[in-house]
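Colleague:
Protein chains: 2
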Amino acid sequence: MKVTINDVAHHAGVSIKTVSRVMNNEPSVRKDTVDKVQAAIAELQYQPNAAARNLASSRSFSIGYIYDNPNAYYVIDMQRGLLDACRKHGYELIIHPTNAKSPDIVQEVLELVRQSRLAGLVLTPPFSEMPHIASALETIGVPFVRIISGSTPSPKLSNCVLIDDFTAAFKITNHLLELGHTDIAFLCGDEEHSSSGERLAGYQAALAKRGIAANAKFIVPGSYSFESGVQGAKKLMELSKKPTAIFACNDEIAAGALFSARLMHIAIPQQLAIAGFENSPFSRQTWPPLTTAHQPNVTIAQQAAELLFRHTKPNASKTLSDKQPVFIPELLVRESTAIN
Amino acid sequence: MKVTINDVAHHAGVSIKTVSRVMNNEPSVRKDTVDKVQAAIAELQYQPNAAARNLASSRSFSIGYIYDNPNAYYVIDMQRGLLDACRKHGYELIIHPTNAKSPDIVQEVLELVRQSRLAGLVLTPPFSEMPHIASALETIGVPFVRIISGSTPSPKLSNCVLIDDFTAAFKITNHLLELGHTDIAFLCGDEEHSSSGERLAGYQAALAKRGIAANAKFIVPGSYSFESGVQGAKKLMELSKKPTAIFACNDEIAAGALFSARLMHIAIPQQLAIAGFENSPFSRQTWPPLTTAHQPNVTIAQQAAELLFRHTKPNASKTLSDKQPVFIPELLVRESTAIN
DNA sequence: TAAATACCTGACAAAGTTGTCTAAATAGCG
DNA sequence: CGCTATTTAGACAACTTTGTCAGGTATTTA
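As they're listed, the protein sequences go chains F and R.
What the first sequence shows, in my numbering, is residues 1 to 340, in sequence order.
What the second sequence shows, in my numbering, is residues 1 to 340, in sequence order.
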């Protein structure tokens, strides 16, 4: 029933320690010995005992994913990608939803690392953008990977997966401009998420390139929530000079704006074009469906985990290029911005 | 830095084993000894080493949650509830999204249990309704808790948390009847989910009680997806005799029906009332917001985990009543079924 | 007060793996 | 062919906790 390393060693005609060496990709094992051992492992369907491994080596085989994101679709996609990578490498994923605004969040994270003896962490916004969390993790020497907004890899961001929100936002704004809109408003996400700032910058850059003067009233602060979209659109449509298009910082805000427009009996897209960001499932389920930018979250998460494992596994092959992945979300045009 | 059981024992002036006994709620420890040990544990902030515990006791401190549900909000809520309970009891949660229709799903589940050495499992539909999974788990002796549709506790369902879909569906249908509707259609969810059948039965019972003859064309088979709602509503509105109200098996289907109605330029709720089920966040974000039944998923998940821990922990206090929890989702009236 | 009983505690081995250190095998070189 | 240098393999302790069982300490009863 239960196959131990002993059985494998016996079966392969080597010592326990040699099997252990093979398991951990340690050097100094002859090629044919490795083959012999791997054959035995396969034949006996040996599963190493994680607890014993943890105990003896005092390293663990789980990574943590800390998040505070009201967007369930985003979280599920991230989990999916992380789990894919974990399964591939024989790790386990410890999920930890929590409140980023909690005053002792750093303490909580350190506690989690200690308690669950994590080999590493994956951080998404807002955690990936909190310098005190990064420095605390560096202090205790736990590897971590951050998923953040950015377009240019740099040594300082060596443990980051970058998402080029700027370029994607530029493209969306450009799409609206090409439809003939010039009065384009922007509904911001949470200020503490740099993605919101990056997207705003992309929007502004696109306008500037066309020589359109910025209208401060068209930039509405808010948060990544449906409710924020509802309020933001309401505010915009009460202006004496109304925008003809709204670019919302994510799909949820866009859906809120859409909702708000319905309340005010504004026809979409005839009277007002609305674009979102993220391509979350409900961007397809609003009426009309939302133009948005597709963010491949599952793939992003996979890459993040792979990057983490490179730091985590001492003997992993370093052949994979260490260059930072940069993802540029793609424009997806749907009916909410059709030509009017 | 690292506090071991040894330090605690020393600090409390007892043997290592006694500390262990206290940790595990074992009997035969005098009250004041317990207090002494607990004081020492608290003072030193001792964190037991999970790996060593697993190894020595060959039991583990993680439970698994297996799911295959496209509804991200549902999954996130379940995770939240399970995690709450896990944190409280010092367990870890291993999430395992997978494909319920995979031919060797039983094998996969058993593999997961073995690999991650799970102390127990929580199953939601469709897994909770697959008899071969339950029997496989019983065979290998792993405790598990199922969240299923049902209204009457019974010894056979001793490890179940019940959700009374029948009664909730009855209430929703009744609400539509009270608004004056008599031509009420029903959009089914997946056939293999018993919740769909229960909700259908509740709908039928409510109609029958009013003496309204069932119209077979008003019952549309489908699945728990937005797309299914789109198709189902289309089919219904193409009938020569159209319904004036639609009760969809969940919010996602209802949102699809709403979408479909928009396509066909049908005013909601004036020409057609639509009700959903579940109170997922987007039932508030459609236009108009959906009448639905609120299912307290976080609480349900917590209870499920608590039930599981009662089977998992050998020395836990059995004082808690062992009666099965039954949840009846509550009617939530919103604009999609306002009086016309 | 002594004996019997119940209750409580501790010494030691055990769990399955890895780290360390030493011994053996092999290769290279003269 | 023999010696050294280097690579490879194995013996044994270590990691931290729990299970077993023997022994010790209260408590009760005669």
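Even for Gly, the Cβ is constructed at its ideal location relative to N, Cα and C.
Put T292 of chain R into one of helix, strand or coil per three-state DSSP.
Modeller: Taking the first residue of the second sequence as 1, we reach residue 292 of chain R at position 292. DSSP places T292 of chain R in strand when its eight states are reduced to three.
Colleague: Along chain F, in chain order, which residues have C-beta atoms closer than 8 Å to that of Y73 of chain R?
Modeller: Walking along the second sequence from the start, residue 73 of chain R turns up at place 73. Going along chain F in sequence order, the residues near Y73 of chain R (Cβ under 8 Å) are A72.
Colleague: Name, going along the chain, the residues of the region 235-252 of chain F whose beta-carbon falls closer than 9 Å to a beta-carbon of chain R.
Modeller: Residues passing the 9 Å Cβ filter: E252.
Colleague: Along chain R, which residues have their Cβ under 9 Å away from the Cβ of Q271 of chain F?
Modeller: Position 271 of the first sequence, counted from the first residue, corresponds to residue 271 of chain F. What Q271 of chain F touches in chain R: nothing, since even the nearest Cβ is about 15 Å away.
Colleague: Output yes or no for whether 8 Å exceeds the beta carbon distance between I362 of chain F and S336 of chain F.
Modeller: Any answer about residue 362 of chain F is impossible in this case: the structure gives chain F only from 1 up to 340.
Colleague: So with CB distances below 9 Å, who are the chain F contacts of R80 of chain R?
Modeller: The sequence position of residue 80 of chain R within the second sequence is 80, counting from 1. Those within 9 Å of R80 of chain R in chain F are P97.
Colleague: Going along the chain, which residues of the region 53-73 of chain R sit with their C-beta nearer than 7 Å to a C-beta in chain F?
Modeller: Residues N54, L55, A72, Y73.
Colleague: Please return the same chain residues whose Cβ sits closer than 7 Å to the Cβ of S15 of chain F, not counting the five positions on each side in sequence.
Modeller: Here residue 15 of chain F corresponds to residue number 15 of the first sequence, with the count starting at 1. Excluding residues within five positions, the ones whose Cβ falls inside 7 Å are A9.
Colleague: With 8 Å as the threshold, decide whether the Cβ of K318 of chain R is near any Cβ in chain F.
Modeller: As a working mapping, residue 318 of chain R is identified with position 318 in the second sequence. Below a pLDDT of 50, predicted positions are generally treated as unreliable, and K318 of chain R, at 45, falls in that range; no measurement from the model is reported.
Colleague: Using a Cβ cut-off of 7 Å, pull out every chain F residue sitting near E92 of chain R, in sequence order please.
Modeller: Within the second sequence, the letter at position 92 stands for residue 92 of chain R. Within chain F, the residues near E92 of chain R are I94, S116.
Colleague: Counting C-beta neighbours from all protein chains within 10 Å, is the total for E306 of chain F 16 or more, i.e. buried, or is it exposed?
Modeller: On the first sequence, position 306 is the one that residue 306 of chain F refers to. So E306 of chain F counts as buried.
Colleague: With DSSP as the reference, identify every bridge partner of F186 of chain R, one or two as the case may be.
Modeller: Walking along the second sequence from the start, residue 186 of chain R turns up at place 186. According to DSSP, F186 of chain R bridges with R:I219, R:F247.
Colleague: Would you call V228 of chain R buried or exposed, if buried means 16 or more other Cβ atoms sit within 10 Å of its Cβ?
Modeller: Locating residue 228 of chain R in the second sequence gives position 228, counting from the first residue. Here residue 228 of chain R turns out to be Ser, not Val, going by the sequence shown. S228 of chain R comes out buried.
Colleague: At the level of alpha carbons, what is the spacing between M78 of chain F and A301 of chain F?
Modeller: Walking along the first sequence from the start, residue 78 of chain F turns up at place 78. Walking along the first sequence from the start, residue 301 of chain F turns up at place 301. For M78 of chain F and A301 of chain F, the distance between alpha carbons rounds to 5 Å.
Colleague: In three-state terms, what does DSSP make of R146 of chain R?
Modeller: Taking the first residue of the second sequence as 1, we reach residue 146 of chain R at position 146. Strand at R146 of chain R.
Colleague: Please report the straight-line C-alpha distance between S154 of chain R and I5 of chain R, rounded to a whole angstrom.
Modeller: Along the second sequence, one-based indexing puts residue 154 of chain R at 154. Along the second sequence, one-based indexing puts residue 5 of chain R at 5. Roughly 44 Å between the two C-alpha positions.
Colleague: Identify the continuous beta strand (DSSP E) that holds H265 of chain F and give its terminal residues.
Modeller: As a position in the first sequence, residue 265 of chain F is number 265, starting the count at 1. Note, H265 of chain F: premise wrong, no beta strand (DSSP E); not H, not E.
Colleague: Under the assumption that L187 of chain F contacts A257 of chain F (Cβ atoms under 8 Å), give the Cβ distance between them as a whole number of angstroms.
Modeller: Translated into the one-based positions of the first sequence, residue 187 of chain F becomes position 187. Translated into the one-based positions of the first sequence, residue 257 of chain F becomes position 257. With 8 Å as the limit, L187 of chain F and A257 of chain F qualify as a contact, their Cβ atoms being about 6 Å apart.
Colleague: Which residues of chain R have a Cβ atom closer than 7 Å to the Cβ of I219 of chain F, listed in chain order?
Modeller: Taking the first residue of the first sequence as 1, we reach residue 219 of chain F at position 219. Going along chain R, no residue has its Cβ under 7 Å from I219 of chain F, so there is no contact; the nearest lies around 24 Å.
Colleague: So, with DSSP's three-state summary, where would you put F127 of chain R?
Modeller: Translated into positions along the second sequence, residue 127 of chain R becomes position 127. Reduced to three states, the DSSP call for F127 of chain R is helix.
Colleague: Tell me which residues share the same chain as F170 of chain R and place their Cβ nearer than 7 Å to its Cβ, disregarding the 5 neighbours each side in the sequence.
Modeller: Numbered from 1 along the second sequence, position 170 holds the residue referred to as residue 170 of chain R. Excluding positions up to five away in sequence, the list reads G202, A205, A206.
Colleague: Report yes or no: do the region 140-151 of chain F and the region 110-128 of chain F share at least 3 C-beta pairs separated by less than 8 Å?
Modeller: At 8 Å Cβ cutoff, the stretches touch.
Colleague: In terms of alpha-carbon separation, which member of R:F226, R:A261, R:A255 lies closest to P243 of chain R?
Modeller: Your numbering for residue 243 of chain R matches position 243 in the second sequence. Nearest of R:F226, R:A261, R:A255 to P243 of chain R, Cα basis: R:A261.
Colleague: My parser needs the alpha helix (DSSP H) runs of 4 or more residues fully inside the region 8-52 of chain F; what are they?
Modeller: You should have 16-23, 31-44.
Colleague: Is the beta carbon of P296 of chain F less than 8 Å from the beta carbon of R334 of chain F?
Modeller: Here residue 296 of chain F refers to the residue found at position 296 when the first sequence is read from its first residue. Here residue 334 of chain F refers to the residue found at position 334 when the first sequence is read from its first residue. No, Cβ-Cβ distance for P296 of chain F and R334 of chain F is not below 8 Å.
Colleague: I want to see whether chain F comes within less than 8 Å of R199 of chain R, judged by CB atoms only; does it?
Modeller: Against the second sequence, residue 199 of chain R aligns to sequence position 199. Output row for R199 of chain R: interface = no.
Colleague: Which two residues bound the contiguous beta strand (DSSP E) that contains S151 of chain R?
Modeller: Start at 1 with the first residue of the second sequence, and residue 151 of chain R comes out as number 151. Per DSSP, S151 of chain R belongs to no beta strand (DSSP E) and is neither H nor E.
Colleague: Report yes or no: do three or more beta-carbon pairs, one from the region 53-71 of chain R and one from the region 95-102 of chain R, lie closer than 8 Å?
Modeller: Yes: the two stretches touch, three or more of their Cβ pairs being nearer than 8 Å.
Colleague: Among residues of its own chain, excluding the 5 on either side of R199 of chain F, which ones have a beta-carbon nearer than 7 Å to its beta-carbon?
Modeller: Within the first sequence, the letter at position 199 stands for residue 199 of chain F. So the qualifying residues of the chain are D165, A169, C249, F277.
Colleague: In three-state DSSP terms, what is N6 of chain F?
Modeller: If you number the first sequence from 1, residue 6 of chain F lands on position 6. It is helical.
Colleague: Check the DSSP bridge columns for A275 of chain R and list the partner residues they point to.
Modeller: Translated into positions along the second sequence, residue 275 of chain R becomes position 275. In DSSP, A275 of chain R forms a bridge with R:F247, R:T291.
Colleague: According to DSSP, is L121 of chain F part of a helix, a strand, or is it coil?
Modeller: Locating residue 121 of chain F in the first sequence gives position 121, where the first residue counts as 1. Note: L121 of chain F maps to strand in three-state DSSP.
Colleague: Kindly list the residues whose CB is nearer than 8 Å to the CB of A136 of chain R, restricted to its own chain and excluding five residues on each side of it in sequence; keep chain order.
Modeller: Taking the first residue of the second sequence as 1, we reach residue 136 of chain R at position 136. Once the five neighbours on either side are set aside, the close Cβ partners of A136 of chain R are V106, V109, L110.
Colleague: Using Cβ-Cβ distances below 7 Å, what residues of the region 181-211 of chain F are close to chain R?
Modeller: Those residues of the region 181-211 of chain F that come within reach of chain R (Cβ to Cβ, closer than 7 Å) do not exist; the list is empty.
Colleague: Against F277 of chain F, what residues of chain R qualify as contacts under a CB-to-CB distance less than 9 Å, listed in chain order?
Modeller: Residue mapping note: residue 277 of chain F aligns to position 277 of the first sequence, counting from 1. Simply none; closest approach about 17 Å.
Colleague: Within its chain, find whatever has a CB closer than 8 Å to the CB of D32 of chain R; leave out the 5 residues flanking it on each side and keep chain order.
Modeller: Within the second sequence, the letter at position 32 stands for residue 32 of chain R. Taken in chain order, the list of residues that qualify is empty.
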